[in-house]
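Counting in this note's numbering, the sequence shown runs from 13 upward without gaps.
Every residue gets a Cβ at the ideal spot worked out from N, C-alpha and C, and that includes glycine.
Written below as structure tokens is the structure these notes are about.
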Amino acid sequence: MWNASTLSLLFALLTGVAVGQPAGIVIDRVVAVLGREAILHSEVTARSEQARQNGSIVDRESTCGELEDLLFEKLLIEQGRIDSVVVDDVQVDAELDRRIRYFASQLGGEVKLEEFYGKTIAEIRAEFREQVQDQLMVQTMQQKLTSDVRITPREVQRFFNRIPHDSIPLINAEVEYAMVLREPKPSTEEERRVRRKIEEFRESVLKGEKDMCTVAILYSEDPGSAKECGELGMVPVGTMVPEFDAVAMSLKEGEVSQVFKTQYGYHFMQMVERRGEHYNARHVLMRPQVGSAELQLDRVLLDSLARSIRAGEAPFAEVAAKYSDDEESKGTNGVVIEPVNNTARWDMGALDQQAFFVLDKLKEGEVSDPQLVVMPDGSKAYRILQLILRTEPHRANLKEDYRMIQQAAEGEERSKAVDTWVKDRIGGTYVRVNEEYATCPFQQDWTKKTATGN
Numbered sequence: 013m014w015n016a017s018t019l020s021l022l023f024a025l026l027t028g029v030a031v032g033q034p035a036g037i038v039i040d041r042v043v044a045v046l047g048r049e050a051i052l053h054s055e056v057t058a059r060s061e062q063a064r065q066n067g068s069i070v071d072r073e074s075t076c077g078e079l080e081d082l083l084f085e086k087l088l089i090e091q092g093r094i095d096s097v098v099v100d101d102v103q104v105d106a107e108l109d110r111r112i113r114y115f116a117s118q119l120g121g122e123v124k125l126e127e128f129y130g131k132t133i134a135e136i137r138a139e140f141r142e143q144v145q146d147q148l149m150v151q152t153m154q155q156k157l158t159s160d161v162r163i164t165p166r167e168v169q170r171f172f173n174r175i176p177h178d179s180i181p182l183i184n185a186e187v188e189y190a191m192v193l194r195e196p197k198p199s200t201e202e203e204r205r206v207r208r209k210i211e212e213f214r215e216s217v218l219k220g221e222k223d224m225c226t227v228a229i230l231y232s233e234d235p236g237s238a239k240e241c242g243e244l245g246m247v248p249v250g251t252m253v254p255e256f257d258a259v260a261m262s263l264k265e266g267e268v269s270q271v272f273k274t275q276y277g278y279h280f281m282q283m284v285e286r287r288g289e290h291y292n293a294r295h296v297l298m299r300p301q302v303g304s305a306e307l308q309l310d311r312v313l314l315d316s317l318a319r320s321i322r323a324g325e326a327p328f329a330e331v332a333a334k335y336s337d338d339e340e341s342k343g344t345n346g347v348v349i350e351p352v353n354n355t356a357r358w359d360m361g362a363l364d365q366q367a368f369f370v371l372d373k374l375k376e377g378e379v380s381d382p383q384l385v386v387m388p389d390g391s392k393a394y395r396i397l398q399l400i401l402r403t404e405p406h407r408a409n410l411k412e413d414y415r416m417i418q419q420a421a422e423g424e425e426r427s428k429a430v431d432t433w434v435k436d437r438i439g440g441t442y443v444r445v446n447e448e449y450a451t452c453p454f455q456q457d458w459t460k461k462t463a464t465g466n
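Written out as structure tokens, the structure reads:
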């Protein structure tokens, strides 16, 4: 079953609508305006519901806090536009990919994610692209505002010493670990077999022996679109992988493409409709399958590499850089980064179940035997893990948790810098907060220009 933290994180990514309303009834209104940015009642209630799922008490004061957070974010976005700050499409695609991979892994694969949200991966990416773009703009502006903030070790110690003893947080058991992952590749013979088969399907469509819808439903291995006759729905360029977009933008309406390859397998598509930089296409996907022989070759390789590391013949970091198929961790010497807080430290409760049981049995520095894992797309792979660090449950202290305390101290200084900037900007920015929120105990004076209405 999915735990509450997983669901609340998913809720944070994949919702922007009001909750708790009767089915079929849409109730929404503008509750605040900042510059050209409107804030909807549904945005405030969605954040309150997320807080509720995280175990927080939701009341008038907390709801006002959610609105103030949204006002602050809109102010950053507005200033970003004024400063001509651009969030690169590559960044947006990478962040969408990262989040979808993470939630798919938490829910048991992309199919489960699609079932949970009721939309295909392509539709999820298209729907939340603008939201992620705004979030990245907010992050970019926050970094710009606080880039000059620096803090010394003495200031970190003074910050920690100011915390009352009974307010020093308790830290759960945590680990840092590294990984080498091997995803077996299909054999050349299997690649040829799948290519021949999908070419046959394409020919049957071109000759009118089969229609695209039937081929997609019966044979396509894209679970999200197959049941929709292979149809993706209208998506903007940049939603799909570049090879897919390139083929789509080369087709006229009704035209059927040649067979082409992406990281997901072999495709052919038929263009349904194009509108500028948006398109809707039907496609058929077939994936070359990995046999048990290829899988076992990777297990044997990882077993040999683990023995070499244990014998001191090769550092884990070098092995990860040379042999791992996980692009994210191989760039950090094999160290796996916790995606929510972007740190190497993992709360034991946040690990996937298999990693938890493997790491729980290791001592610091030890390397596991190869473990079979199921990837988010349902494919199988092998990995070895190394436990780098383990901390037992304890009260935070400067020796074991210096980085966390340093980050908290820097966060306090950044907050001061941002507060000063907000005070300066509010006066020159059009802000309207509706009457229902005019008496909120905001930290900043957002209600200088208060108006009534929806």
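**Report entry** Residues near Val144 by beta carbon distance below 7 angstroms, same chain, minus five either side
**Finding:** As a working note, residue 144 is residue 132 in the sequence shown. Val104, Glu107, Leu108, listed in sequence order.
Query raised in the report: Contact between the region 192-203 and the region 301-319: three or more CB pairs below 8 angstroms?
Result: yes
Query raised in the report: Just how far apart, CA to CA, sit Glu139 and Gln65?
Result: Residue 139 sits at position 127 when you count from the first residue of the sequence shown. Residue 65 sits at position 53 when you count from the first residue of the sequence shown. C-alpha separation (whole angstroms): 23 angstroms.
Query raised in the report: So, Glu376 versus Leu401, is the Cβ gap smaller than 8 angstroms?
Result: In the sequence shown, the residue the question calls residue 376 occupies position 364. In the sequence shown, the residue the question calls residue 401 occupies position 389. In this structure, Leu401 lies closer than 8 angstroms to Glu376 by Cβ.
Query raised in the report: To the nearest whole angstrom, what separates the beta carbons of Pro405 and Leu182, a pair I think is in contact under 8 angstroms?
Result: Residue 405 sits at position 393 when you count from the first residue of the sequence shown. Residue 182 sits at position 170 when you count from the first residue of the sequence shown. Confirmed, about 7 angstroms.
Query raised in the report: Given Phe172, which residues of its chain have a CB within under 7 angstroms of its CB, disregarding the five upstream and five downstream residues?
Result: As a working mapping, residue 172 is identified with position 160 in the sequence shown. Closer than 7 angstroms at Cβ, skipping near neighbours: Leu410, Ile417.
Query raised in the report: By Cβ distance below 7 angstroms, which residues in the same chain neighbour Cys76 in space, the five residues on each side in sequence not counted?
Result: Taking the first residue of the sequence shown as position 1, residue 76 is located at position 64. Answer for Cys76: Tyr449, Cys452, Pro453, Phe454, listed in chain order.
Requested in this report: Would you list the one or two residues that DSSP bridges to Ala347?
Outcome: As a working note, residue 347 is residue 335 in the sequence shown. Contrary to the premise, residue 347 reads as Val rather than Ala in this sequence. The partner list for Val347 (beta bridge, DSSP) reads Ala190.
Query raised in the report: Between Leu371 and Val187, is the Cβ-Cβ spacing less than 8 angstroms?
Result: On the sequence shown, position 359 is the one that residue 371 refers to. On the sequence shown, position 175 is the one that residue 187 refers to. Result yes, Cβ atoms of Leu371 and Val187 sit closer than 8 angstroms.
Query - Alpha carbon of Val385 to alpha carbon of Ala116, nearest angstrom - result: The sequence position of residue 385 within the sequence shown is 373, counting from 1. The sequence position of residue 116 within the sequence shown is 104, counting from 1. When rounded, the distance between both Cα atoms is 14 angstroms.
Query - Distance, Gly130 Cα to Tyr362 Cα - result: By 1-based counting over the sequence shown, the position of residue 362 is 350. By 1-based counting over the sequence shown, the position of residue 130 is 118. According to the sequence displayed, residue 362 carries Ala and not Tyr. Going from the Cα of Ala362 to the Cα of Gly130 covers about 25 angstroms.
Query raised in the report: Who are Met298's beta bridge partners in DSSP?
Result: Here residue 298 refers to the residue found at position 286 when the sequence shown is read from its first residue. Paired residue(s): Tyr278.
Query raised in the report: To which residues does DSSP link Gln398 through a beta bridge?
Result: Counted from its first residue, the sequence shown places residue 398 at position 386. In DSSP, Gln398 forms a bridge with Ala190, Val379.
Query raised in the report: Is Thr441 closer than 8 angstroms to Glu90 when the C-beta atoms are compared?
Result: The sequence position of residue 90 within the sequence shown is 78, counting from 1. The sequence position of residue 441 within the sequence shown is 429, counting from 1. Contact: yes.
Query - Any chain D beta carbon closer than 8 angstroms to Glu142 - result: Here chain D cannot be found, since the structure has a single protein chain.
Report task. Taking only the alpha-carbon atoms, compute the straight-line gap between Val123 and Asp364 and give it to the nearest angstrom. Result -> Stepping through the sequence shown from its first residue, residue 123 is reached at position 111. Stepping through the sequence shown from its first residue, residue 364 is reached at position 352. Roughly 18 angstroms between the two C-alpha positions.
Query raised in the report: How big is the Cα-Cα spacing for Arg162 and Ala429?
Result: As a first step, residue 162 must be located in the sequence shown, where it is residue number 150. As a first step, residue 429 must be located in the sequence shown, where it is residue number 417. The alpha-carbon atoms of Arg162 and Ala429 are separated by roughly 11 angstroms.
**Report entry** alpha helix (DSSP H) runs contained entirely in the region 404-457, provided each spans 4 or more residues
**Finding:** 414-438
Query raised in the report: Any idea which residues DSSP pairs Arg287 with across the strands?
Result: Sequence index remark: in the sequence shown, residue 287 carries index 275 (1-based). His290, per the DSSP bridge assignment.
Requested in this report: Return helix, strand or coil for Leu46, following the three-state DSSP convention.
Outcome: To locate residue 46, count along the sequence shown from 1; it is residue 34. The answer is strand: DSSP assigns Leu46 an E or B state.
**Report entry** Nearest-angstrom Cα separation, counted from Glu339 out to Ala260
**Finding:** To locate residue 260, count along the sequence shown from 1; it is residue 248. To locate residue 339, count along the sequence shown from 1; it is residue 327. If I take the Cα positions, the gap works out to 27 angstroms.
Query raised in the report: For Trp458, which residues of its own chain have a beta-carbon under 6 angstroms away from its beta-carbon, when the five flanking residues on both sides are left out?
Result: Here residue 458 refers to the residue found at position 446 when the sequence shown is read from its first residue. Counting only Cβ-Cβ distances below 6 angstroms, and skipping sequence neighbours, we find Leu83, Val443, Val445.
Report task. Return the residue from the list Gln270, Arg286, Asp413, Leu309 that minimises the CA-CA distance to Val296. Result -> Locating residue 296 in the sequence shown gives position 284, counting from the first residue. Val296 has its Cα closest to that of Gln270, out of Gln270, Arg286, Asp413, Leu309.
Requested in this report: Report the three-state DSSP secondary structure of Ile163 (helix, strand or coil).
Outcome: In the sequence shown, the residue the question calls residue 163 occupies position 151. Coil, per DSSP.
Query raised in the report: Helix or strand or just coil, what does DSSP make of Glu243?
Result: Numbered from its first residue, the sequence shown carries residue 243 at position 231. Glu243: strand per DSSP, three-state reduction.
Report task. Go ahead and pull the three-state DSSP assignment for Trp14. Result -> Position 2 of the sequence shown, counted from the first residue, corresponds to residue 14. In this predicted model, Trp14 has a pLDDT of only 40, less than 50, meaning its place in the structure is not dependable; the value taken from the coordinates is given anyway. Three-state result, Trp14: coil.
Requested in this report: Report yes if the CB atom of His279 is closer than 8 angstroms to the CB atom of Met246, and no otherwise.
Outcome: To locate residue 279, count along the sequence shown from 1; it is residue 267. To locate residue 246, count along the sequence shown from 1; it is residue 234. Cβ atoms of His279 and Met246: not closer than 8 angstroms.
Report task. Taking all protein chains shown into account, decide if Ala228 is buried (16 or more other Cβ within 10 angstroms of its Cβ) or exposed. Result -> In the sequence shown, residue 228 corresponds to position 216, counting from 1. Buried, since its Cβ has 16 or more Cβ neighbours within 10 Å.
Report task. Work out the CA separation of Ala190 and Ile112 for me, nearest whole Å. Result -> Here residue 112 is taken as the residue at index 100 of the sequence shown, counted from 1. Here residue 190 is taken as the residue at index 178 of the sequence shown, counted from 1. For Ile112 and Ala190, the distance between alpha carbons rounds to 22 angstroms.
Report task. Go to Gly324, then tell me how far its alpha helix (DSSP H) extends in each direction, as first and last residue. Result -> To locate residue 324, count along the sequence shown from 1; it is residue 312. That residue, Gly324, is in no alpha helix (DSSP H); it is neither H nor E in DSSP.
Report task. Have a look at Ser304 and Ala393 and give me their C-alpha separation to the nearest angstrom. Result -> Along the sequence shown, one-based indexing puts residue 304 at 292. Along the sequence shown, one-based indexing puts residue 393 at 381. Using only the alpha carbons, I get a separation of about 11 angstroms.
Requested in this report: Classify Val227 as helix, strand or coil using the three-state DSSP reduction.
Outcome: In the sequence shown, residue 227 corresponds to position 215, counting from 1. Here Val227 sits in helix by DSSP.
Query raised in the report: From Lys342 to Asp40, what does the alpha carbon distance come to, in whole angstroms?
Result: Translated into positions along the sequence shown, residue 342 becomes position 330. Translated into positions along the sequence shown, residue 40 becomes position 28. C-alpha separation (whole angstroms): 46 angstroms.
Report task. Using only alpha-carbon positions, find the residue among Pro382, Glu422, Glu55, Ile133 that is nearest to Pro165. Result -> To locate residue 165, count along the sequence shown from 1; it is residue 153. The residue with the shortest Cα to Cα distance from Pro165 is Glu422.
Requested in this report: State the DSSP-derived secondary structure class of Leu25, mapped to helix, strand or coil.
Outcome: Here residue 25 is taken as the residue at index 13 of the sequence shown, counted from 1. Unreliable placement is indicated for Leu25, whose pLDDT of 49 sits below 50; the coordinate value is still reported in the next sentence. Helix.
Report task. Kindly list the residues whose CB is nearer than 7 angstroms to the CB of Ile321, restricted to its own chain and excluding five residues on each side of it in sequence; keep chain order. Result -> Here residue 321 is taken as the residue at index 309 of the sequence shown, counted from 1. So the list reads Phe328, Val331, Val379, once near-sequence residues are dropped.
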